[in-house]
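All remarks here apply to the structure that follows.
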Amino acid sequence: MVSIKDYDSDIENTWCPGCGNFGILAAMKDALAAQGIPPEKILIISGIGQAAKTPHYLKCNLFHALHGRALPLATGAKIANHELTILVNSGDGDCYGEGGNHFMHAVRRNIDLTVLVHDNKVYGLTKGQASPTSDEGMITKIQSDGVLSETFNPLSVALALGAGFVARGFSGKAEHLSKIIQEGIKHKGFSLVDILQPCVSFNNINTFDWYRKRVYALSEEGYIPNDFNKAMDLSKMWGDKIPIGILYQKEKPSYTDKIKKLKESTLISGEYSQKKVQNAIHSL
Amino acid sequence: MVSIKDYDSDIENTWCPGCGNFGILAAMKDALAAQGIPPEKILIISGIGQAAKTPHYLKCNLFHALHGRALPLATGAKIANHELTILVNSGDGDCYGEGGNHFMHAVRRNIDLTVLVHDNKVYGLTKGQASPTSDEGMITKIQSDGVLSETFNPLSVALALGAGFVARGFSGKAEHLSKIIQEGIKHKGFSLVDILQPCVSFNNINTFDWYRKRVYALSEEGYIPNDFNKAMDLSKMWGDKIPIGILYQKEKPSYTDKIKKLKESTLISGEYSQKKVQNAIHSL
Amino acid sequence: MSVDISVKIGGEAGQGIQTVGDILARVCLKCGLYLMAINDFESRIRGGHSFFQIRISDKPVNAPNHGINLLLALDKKSFDLHEKELVKGGISLMEGVDTPAKKNVIAIPFLELAKESGGKITSNIVAAGACLALLGAPFGVIREVITEGFASKGKDIVEKNLNAANAGYEAAGKISYKFAFKWKVSRPRGILIDGSRAIALGALAADCRFASFYPMSPATGIMAHLASAANEFPLVVEQAEDEISAVNMIIGASFAGARAMTATSGGGFCLMTEGLGLSGITETPIVIVNAQRPGPATGMATRTAQADLLFIINASQDEFPRFVFAPGSPAEAFETTSRAFHLSDKYQVPAIILVDQYLNDSLFIAEKALKAPGKVKRFIVSDNDLKKPAEYKRYALTNSGISPRAIPCNGRAIVMVSGNEHKEDGHSSESAQTRIEMVNKRNAKVVKMLFEINPPETYFPGSKILLAGWGSAKGAIREAVDMLRKDGIDAGCVNFNDLWPFPAAATEKAFLTCEKFYMVEQNSTVQLGRLIKEQTALSYSGAVLKYDGRPFYPVEIADGIKKYMR
Amino acid sequence: MSVDISVKIGGEAGQGIQTVGDILARVCLKCGLYLMAINDFESRIRGGHSFFQIRISDKPVNAPNHGINLLLALDKKSFDLHEKELVKGGISLMEGVDTPAKKNVIAIPFLELAKESGGKITSNIVAAGACLALLGAPFGVIREVITEGFASKGKDIVEKNLNAANAGYEAAGKISYKFAFKWKVSRPRGILIDGSRAIALGALAADCRFASFYPMSPATGIMAHLASAANEFPLVVEQAEDEISAVNMIIGASFAGARAMTATSGGGFCLMTEGLGLSGITETPIVIVNAQRPGPATGMATRTAQADLLFIINASQDEFPRFVFAPGSPAEAFETTSRAFHLSDKYQVPAIILVDQYLNDSLFIAEKALKAPGKVKRFIVSDNDLKKPAEYKRYALTNSGISPRAIPCNGRAIVMVSGNEHKEDGHSSESAQTRIEMVNKRNAKVVKMLFEINPPETYFPGSKILLAGWGSAKGAIREAVDMLRKDGIDAGCVNFNDLWPFPAAATEKAFLTCEKFYMVEQNSTVQLGRLIKEQTALSYSGAVLKYDGRPFYPVEIADGIKKYMR
Ligand SMILES: Cc1ncc(C[n+]2csc(CCOP(=O)(O)OP(=O)(O)O)c2C)c(N)n1
Ligand SMILES: Cc1ncc(C[n+]2csc(CCOP(=O)(O)OP(=O)(O)O)c2C)c(N)n1
Ligand code: SF4
Ligand code: SF4
Ligand SMILES: [Mg+2]
Ligand SMILES: [Mg+2]
């Protein structure tokens, strides 16, 4: 059995006191322990940003990569060794801004990753510029006349891209979030968990209080996440009521399931054969 | 009055005989003439690919840019001079593959461009690799076990991103296509025209015949493109019947409309003021 | 009397160190003192450790000093980390009620005093008051600075902060301090400015109309300054979805007729290299600021380095002319930025400005007024300038390599531009002959571009040994020269602002009479030294390198050079 | 008898030029002849103009020849464009029924003959038959080649093509031709291979397990070869959404334990530069092939160049060790690719292989057999190799700079990797001390890496003048040397395969005794020449440069050098 404490890291945490990231960290530890995955058996890959610092704060194998590039890096790792359980910690800027193209194509691949997007609707680490998910009109030092672009809706877009696991969590409900993360890990395919994460330093619109008044758990209403149209409607709900939970889930073969040769063994455990190479050289 | 002949270019066309691009070229000339925009008043920006060669084949101001990067380049040009009428010629690889991130964010900006995606569901210029819109299972030299990723649906994704003009044309129906392009030009905001374009050299699935049997014009059924859910349903229709026409249209302020100072004049016709700069220097 | 005092204000991010530093700096300014100040901070928003280190002098200072005279430790960590940097007679000022054990430590109950005067939140202002009192600054000037600084927040806030400053001032007023000196109110020596702001102002002075960028330290400040000024100007500042978009947007804007720029750091510059080449082959003017920090990859986001020179000069596949500059101070950054726009426009080539975290985030005094020109000359033709507008060719072959540049939809001239190799009219070409002509045409520009390049700046040029460096290290190198000369070493220095096209002849001239020259760079492989070797007949004899992410202290350079003297 | 004959087959894209060329090449091979062949084509799928030019000899040939002996013009344009390249006694073979006016032109009704024999579509086979007949090749070998070549398409197709070839053979059989020579069936001199295929095979021989790429000429062929072989191997070839993804995917795969590579051209490499730095700072082995073409930006997609050298060596912000290689032939490309994987793995650094369109798309004979090793040595540790797996530190400081590399989730050793500057355990660090240690650790590897670097290859090393070049220009340079020597000029050459870390000592040795040396490069700014100047005490005396997108002909080099001799 693994306990939550097993994931403790002695690295100094550099997040602001009160940051929404702490709830996500707690939920992750809880989920991993509940799933009985020991630290040495989990790989966490992240981009760059406040969110992307997460893997340092729990004990795990980790690759803290480039801004925006966690998904392709994780895809390569997963194809090389599809027995790995891989989580990805990303931010709204990391995943939908700099990394937007990889997001789209990782969904299309249905590569088996559980992607936690710490969605604070702002660029935290670089001090408060608008992110793709910032509310239209939000004023920042750069967007002094307010954000002019339409707010990016990760859930709607993921659905339109054909994602098989689309969920929203709230860092203020760590227990609920842990459950979603666990479902995401169990789901064989690309699992998106967009997490409402208040940034206490730069986002004074979407605060803990603001969310607490609005979020409600879909599961409590007996919602069954198997209807695309319903999910699309829910994904667009943003206002007095904001649904959290799994909006949509559909099992289908994951990318590495579809690569035939991986049925036999992982790529890294395959056998080198001099003879086969020699054959290839002579098959001219 | 401008006539179609005014757009003729004496540049040798390097497309394959019978290519679906010819229909698009014809539709463009027709649309521009019908809208009375003379060659010296139109700017066409393109990425790289067979599709992206288009602007050379009609008389116009043009910028044949980098693979995948037509949209940001066009965005910069439009902001600098929002009086420009800008068309973009792009391919399915150019716009949804290499340029996928720009596609998402150009839609969010609602920047006033008319974007013609020559969607041949294959990488034409680089000789037949799969593109994001290639059918799942399609076999190519690279994808020898067939395409494993889910087919990218540009219309659904554009809708999910909040696009205000989402249309599909067919290069085999140049007249119908010309009408859509004209509506796209008139639409003040980001207009996506995804164009079914047979590639006679590398795509033997989605041929002219294949399409002719399937496409039907939405306008003929009296469809009114103002319902998001209906549009989303239609966008997912792909099989025996494939709708063409405008799936969704909604007027809203375009990006340059939202930048207040552009109400007075274009950026490039603004006035330099020594005094203001001197003030800025001293406002410490 | 000769004043040269360094005050270090250390604490956690979010404790208001900047505000303290700012007050100190402005008080000094109003008293006719010279100063420079560095900002040291971590890649986080709250907590951790950061400091602001200000050097105050009655003579110009252009580099930080190693030893500190006064340490204002807003937390324990700051004291522990920096106590050892105190010079003899220096003291530490800390929060505290009891008299500390160490005699060079003075405890003042900042928080308590703040609560009694301006409120809890003003404890950093109390500390600022205490610092200034120790140094002997007149309270009248402090009052002025605080009143001006908080004016926009309302009378009440001004009052509270004045009370806080006063409380601190009173508390420390009676303490005798070796480094206290006589202050007098006097005309400022110039304006107080950091590199970021200087670049933004330089862009405004060059009539920059469009800036697009993706946030990245230490470049973001430039764009924040531009954005905050944008409403006064025909200027749009656009945050792009990524750096690829940013560079392509400015190419599009420039093509359409607007002067345009972007700013980024190494990782973002990587993503712009393909666009840089597009600017090169399409001959579309753009200005890129690359603000260096330690790498590779994410490296150290908030630290400084000078390690991108050879990358920048060679970036993008194949070859095309470009300008590369590396200003040595905010004043130079202002000038250089304006010049970069002008030259980029004139020669239709990309211009890249290399700065770094140290230059961007440090405050310097610019003594000479920064001046905007009365008019900004553009290099764009329209129908009137053309004999036959209808036959306009964007890439017409000319002796200079520069073809008349028209902008699209601006008359009868049709503008056709291609990132493929192209013919004179702009259409793509497969011809070997055309290819040669176009490569030669682009390369031909270098001849005249070289005439625009300023020679490296020299200081004690006739000396036996010369130190050589580029960009922001200039201030520290020059001061190191002063130190060496004081120690009887016949040293001078050569500082490069203009780096590409490389001023080979001027460089050979600059080093003509020296016996040896030594490179001083913030990288580990002597990049400028290697470039000089490649471009001239000269070889450096040694190098003082620093690559720990912190700026040079002059004494480090002087010591490094002395090692070679033995 | 000495055979040295060049046949040029020109026509539109889509006319089956490749097939004709392939048949010619294979017939030559089976007759124990040497050959090499270049492919020239435009950035389009149908129409336009392209050609295949094969040089046939009884001695090894490793570069194309300028003059042609036989022009097979499949369309009028080919004749018009290339007629002037015919040497004295050379003839043109064209489609046609009437006897042409010019006496060195022979018309054969390919299409008509095809219709009568194998069907319309086989007219190119008719032409191939005619060509070979003119040259005097035995039909028996042609039969063999066609039978083998079309075997997979069924007996009927084989038969039709045999008929077509025969029809052409008969039609041209009686024409007397100055350059006809005696053929004999004999053992092939080696295997026929182009650079693309050689690289793919080299990767297989190095046990490459994962390749990710985004299509880009002239690199795509490499990946197509790998993809077509993939099903036989524990290898996945993944087409990424863009080059940024491709490079990050291979970093991820390598991190997880798979040897991994990508291939691209300049524009794609630009987009990979940030990832290159990530490989550098995280010390994750990767192999990148950069197949050069003229630039900047899109440039000329299907042409050749050698103009990315300095970019590649300096690419990405800041500094880190890397290997850079530029093989001079397919055989070298095979070897070099395998070695790149090995060295990248051993030193935990990125390795970059510079090739170009000419090398990738040209056919050469590899005389020495390409050999796969019996075993592939890896440099990965697991728990058993570690004293205390639980205390494993990915970046443990060592003398060599190389830290034991474990892979994630493979035991008790926890692997932590960061693209931020990091401590030994892999966690990010803000410390100046750590930064210095890590920079030094990474740089330390260069000492041993240099021992792995092969010296440049010399040919007539003692000569008075030396020509120097890199990569694919080797064959042409060596032949130019032969030409110069024939003309009484004491010339030799030095060809670089291994370029970085730069073999400075070996280079100085190679040029030690020559009076002068001249660079021969396919760029406009003498990139290797500049690098030699930077890295050694040597300076080149002149350069023969070609940058029109076409490969060097030896005579161009010889002529270029002779100009310096006057
Ligand atoms: C190529 C590149 N561009 C820009 C940056 C600077 N950068 C670091 S984090 C960040 C944004 C972070 O925002 P987000 O992903 O939302 O994470 P958060 O800090 O809000 O958790 C940026 C722009 C970078 N490191 N690399
Ligand atoms: C950075 C970069 N990567 C790759 C390429 C090579 N390339 C040219 S066109 C193309 C794909 C074209 O496909 P698509 O956009 O669908 O256009 P089509 O040719 O099918 O019209 C690619 C990959 C390039 N020019 N630049
Ligand atoms: S800046 Fe915002 S997101 Fe970052 S640590 Fe602070 S509160 Fe959290
Ligand atoms: S390859 Fe396909 S898309 Fe390209 S020109 Fe030919 S038919 Fe058209
Ligand atoms: Mg964020
Ligand atoms: Mg396509």
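Residue numbers (the numbering used here), protein chains in the order written: chain Y, 1 to 284; chain E, 285 to 568; chain U, 569 to 1134; chain R, 1135 to 1700. Cβ atoms here follow ideal geometry from the backbone N, Cα and C, with glycine treated the same way.
Residues of its chain near residue i, where Cβ-Cβ distance is below 6 Å and the 5 sequence neighbours each way are ignored
i	result
PRO1071 of chain U	ILE1021, PRO1023
ALA1339 of chain R	SER1472, ALA1506
LEU461 of chain E	ALA311, GLY453
According to DSSP, residues forming a beta bridge with residue i
i	result
VAL805 of chain U	U:ALA779
PHE1186 of chain R	R:ILE1143, R:ASN1173
LYS457 of chain E	Its beta-bridge partners do not exist; DSSP assigns none.
HIS1556 of chain R	R:SER1562
LEU316 of chain E	Beta-bridge pairing links LEU316 of chain E to no other residue.
Straight-line Cα distance separating residue j from residue i
i	j	result
LEU1296 of chain R	GLY1609 of chain R	35 Å
TYR782 of chain U	PHE1403 of chain R	21 Å
ALA682 of chain U	SER691 of chain U	5 Å
ALA695 of chain U	GLU610 of chain U	22 Å
SER219 of chain Y	TYR248 of chain Y	12 Å
PHE1651 of chain R	TYR1593 of chain R	13 Å
LEU32 of chain Y	GLN182 of chain Y	7 Å
LYS1643 of chain R	ALA1337 of chain R	32 Å
MET662 of chain U	ALA733 of chain U	16 Å
GLN1152 of chain R	PHE1186 of chain R	7 Å
ALA1460 of chain R	GLY1605 of chain R	4 Å
Same chain, Cβ closer than 7 Å to residue i, five either side skipped, listed in chain order
i	result
VAL1123 of chain U	HIS634, MET1051
MET984 of chain U	ARG962, ASP993, GLY994, HIS995
Delimiting residues of the alpha helix (DSSP H) encompassing residue i
i	result
LEU597 of chain U	585-598
ARG452 of chain E	Where ARG452 of chain E is concerned, there is no enclosing alpha helix (DSSP H), although the beta strand (DSSP E) it sits in stretches over 449-454.
Nonlocal neighbours in the same chain, by C-beta distance under 8 Å from residue i, ignoring five residues either side
i	result
LYS343 of chain E	ASP290, TYR291, ASP292, SER293, PRO323
PRO1069 of chain U	PRO889, PHE891, VAL1014, MET1017, LEU1018, ILE1021
PHE718 of chain U	ILE725, VAL726, ASN729
SER1658 of chain R	ALA1441, LEU1679, TYR1681
Extent of the continuous beta strand (DSSP E) to which residue i belongs
i	result
LEU1067 of chain U	1066-1068
Self-check item: Cβ-based contacts, 7 Å cut-off: residues of the segment 548-567 of chain E near chain U
Solution: LEU551, ILE552, GLY554, GLU555, TYR556, GLN558, LYS560, VAL561, GLN562, ALA564, ILE565
Note to self: Residues of the segment 1652-1679 of chain R in Cβ contact with chain U at a cutoff of 7 Å, in chain order, please.
What the structure shows: Contact residues of the segment 1652-1679 of chain R toward chain U are ASN1657, SER1658, THR1659, ARG1664, LYS1667, GLU1668 (C-beta to C-beta distance below 7 Å).
| query | Taking Cβ-Cβ distances below 9 Å as the criterion, which residues of the segment 841-862 of chain U are in contact with chain R? | reply | Within the segment 841-862 of chain U, the qualifying residues are THR841, GLU842, GLY843, LEU844, GLY845, LEU846, SER847, GLY848, ILE849, THR850, ASN858, GLN860, ARG861, PRO862.
Check your understanding: In chain order, what residues of the segment 1560-1576 of chain R put their CB closer than 7 Å to some CB of chain C?
Key -> This model lacks chain C altogether, as its protein chains are Y, E, U and R.
message = Under 7 Å, CB to CB, which of the residues in the segment 295-314 of chain E have a partner in chain R?
response = So the close ones are THR298, CYS300, PRO301.
Mind checking the segment 85-109 of chain Y against chain U and listing, in chain order, the residues whose C-beta falls within less than 7 Å of any C-beta there? GLY97, GLU98, GLY100
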